[in-house]
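Chemist:
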Amino acid sequence: MQAWYRSRALYDAVMKLVKSERFDEAVKMAENIPDKAVRSRAFNQIAVEVAKAREEYSEVLSKAIEAALDIDKKEETTKALMGLAFEFMEMGRFEDALRIAGHITDVSNRSKVEAEVALRLAKRGDLGKAMKIINGILDEDVKTWATSRLASEL
32 MQAWYRSRAL
42 YDAVMKLVKS
52 ERFDEAVKMA
62 ENIPDKAVRS
72 RAFNQIAVEV
82 AKAREEYSEV
92 LSKAIEAALD
102 IDKKEETTKA
112 LMGLAFEFME
122 MGRFEDALRI
132 AGHITDVSNR
142 SKVEAEVALR
152 LAKRGDLGKA
162 MKIINGILDE
172 DVKTWATSRL
182 ASEL
């Protein structure tokens, strides 16, 4: 229980550093969070905020992915990666969202992220790329859903 309380306190400190855009310090502090799920949440927030600040974020994004993959429960790993992918999708960083999705081992959830990326690309007019992504979706139900949504968007 002590580790969780320490993790929570460190997470709060990391978020204060992130808010003041002291990203390097936030990364160093986040590395010391003992609870793997809390550490992952911290790295996800750091990666998102660094990207929003239009700073170089590839290294911290890799750390966020690694932290999510380090979580012991697969469901929590999937949740962390999906949340991160959707955050990057919201920023229009579709290649990063697909990169993150590639680490999701649950085929259905990975397919859902890929479908959302494809539909957002289609809305922006990039139908060729959207269809390429949809055609690569492994979950047939999600692929069918994405194809029908794409057709209704046109």
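Heads up, the sequence shown is in the numbering used here, so the first residue is 32 and it goes up one at a time.
Don't be surprised by glycine CBs; every beta carbon is placed ideally from N, CA and C.
Since the model is a prediction, treat every value here as computed from it, not as a measurement.
Excluding sequence positions up to five away, which residues of its chain have a Cβ less than 7 Å from the Cβ of A68?
Modeler: Within the same chain, A68 has close Cβ partners I102, E107.
Chemist: Less than 7 Å between C-beta atoms, sequence neighbours within five positions excluded: which residues of the same chain meet that for E56?
Modeler: So the qualifying residues of the chain are L48.
Chemist: Please confirm if the region 57 to 64 is in contact with the region 35 to 49, defined as three or more CB-CB distances below 8 Å between the two stretches.
Modeler: Because the criterion of three Cβ pairs below 8 Å is met, the region 57 to 64 and the region 35 to 49 touch.
Chemist: Kindly give me the distance between the Cβ atoms of I168 and A177, rounded to whole angstroms, as I take these residues to be in contact under 8 Å.
Modeler: The Cβ separation is near 6 Å, so the contact holds.
Chemist: Hey, how far is the Cα of L92 from the Cα of N75?
Modeler: So the two alpha carbons sit approximately 7 Å from each other.
Chemist: Looking only at C-alpha atoms, which of E147, L115, K154, A84 sits nearest to T175?
Modeler: Answer by Cα proximity: E147.
Chemist: Quick check: what's the CA-CA separation for H134 versus Q33?
Modeler: Computed Cα separation, rounded: 31 Å.
Chemist: Indicate whether A128 and L112 have their beta-carbon atoms separated by less than 8 Å.
Modeler: It is not a contact, given that the beta carbons lie outside the stated cut-off.
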